[in-house]
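Sequences listed follow chains A and B, in order.
Letter 70 of the first sequence, counting from 1, is numbered 70 in the numbering used here, and no numbers are missing.
Letter 65 of the second sequence, counting from 1, is numbered 140 in the numbering used here, and no numbers are missing.
Number of protein chains: 2
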Amino acid sequence: MPVDHRSPTPLYVQLAAILREQITSGELASDAPLPSESYLQQENGVSRVTVRKAVEVLRNEGLVYTLPQRGTYVR
Amino acid sequence: MPVDHRSPTPLYVQLAAILREQITSGELASDAPLPSESYLQQENGVSRVTVRKAVEVLRNEGLVYTLPQRGTYVR
DNA sequence: TTTCATTTGTCCGTATGTATT
DNA sequence: AAATACATACGGACAAATGAA
Numbered sequence: 001m002p003v004d005h006r007s008p009t010p011l012y013v014q015l016a017a018i019l020r021e022q023i024t025s026g027e028l029a030s031d032a033p034l035p036s037e038s039y040l041q042q043e044n045g046v047s048r049v050t051v052r053k054a055v056e057v058l059r060n061e062g063l064v065y066t067l068p069q070r071g072t073y074v075r
Numbered sequence: 076m077p078v079d080h081r082s083p084t085p086l087y088v089q090l091a092a093i094l095r096e097q098i099t100s101g102e103l104a105s106d107a108p109l110p111s112e113s114y115l116q117q118e119n120g121v122s123r124v125t126v127r128k129a130v131e132v133l134r135n136e137g138l139v140y141t142l143p144q145r146g147t148y149v150r
């Protein structure tokens, strides 16, 4: 389910929901790296700002952790 | 001393005063980088627009200088 | 050891829409 | 009406660290 640019729901909230689903479903297992910001950007047709805000949401939820200059991983 | 959202004084003026105090007190030494915009945003509960306007005030006062695409530093 | 690509961190500039005062 | 402020979103650029070649 791609993001919907015409939806009233903010894009970063939509993207966070997509990634959250992939994590809770096990599609992204524990300690697995999230796709990189640039990948998520291109794949979802959104800006890097939006990607980073989506990841920030998951980080605040404790679902993922970020290693600077390395990547973000599923907790 | 945090900003006061109910004060009639504009938030960017309040934030500028806070940063000015940290500079003149020496808490932020010469050539030290100001905290990042996102940090100041979250730390003070204001928007990026407000942070940038506050920094602009200090720049106009000659208290800080900004290197394009690099950051803002204490003069 | 040096080089190179990748990735996150940070900054700059801009724009639209909404709410409050 | 105008100023202030926030939230969202886009694009581009450079820095710093990592890891692989």
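Built from N, CA and C at the ideal position, the CB exists for glycine as well.
Assumed close pair residue i, residue j - CB separation to whole angstroms, cut-off 8 Å
i	j	result
L90 of chain B	V121 of chain B	6 Å
D106 of chain B	V139 of chain B	Between V139 of chain B and D106 of chain B the Cβ distance is about 10 Å, and since that is not below 8 Å, they are no contact.
Pairwise C-alpha distance: residue j and residue i
i	j	result
Q97 of chain B	V49 of chain A	30 Å
K128 of chain B	N135 of chain B	11 Å
V55 of chain A	P35 of chain A	11 Å
V3 of chain A	S113 of chain B	25 Å
T84 of chain B	G101 of chain B	25 Å
M76 of chain B	V57 of chain A	28 Å
R6 of chain A	S82 of chain B	37 Å
T24 of chain A	A17 of chain A	10 Å
V88 of chain B	V13 of chain A	32 Å
Sequence-distant residues of the same chain with beta carbon closer than 8 Å to residue i, five excluded per side
i	result
P68 of chain A	none
G146 of chain B	P108, L109 and S111
A104 of chain B	V149
E118 of chain B	P110
Residue span of the alpha helix (DSSP H) that contains residue i, given as start and end
i	result
V55 of chain A	R48 to N60
R20 of chain A	L11 to T24
L40 of chain A	E37 to N44
Start and end residues, beta strand (DSSP E) containing residue i
i	result
L67 of chain A	V64 to L67
D149 of chain B	The question names Asp, yet the displayed sequence has Val at residue 149 of chain B. Note, V149 of chain B: beta strand (DSSP E), G146 to V149.
Nonlocal neighbours in the same chain, by C-beta distance under 6 Å from residue i, ignoring five residues either side
i	result
Q41 of chain A	R48 and V51
L86 of chain B	V78, V121 and T125
Sequence-distant residues of the same chain with beta carbon closer than 7 Å to residue i, five excluded per side
i	result
G137 of chain B	R150
T141 of chain B	R134 and T147
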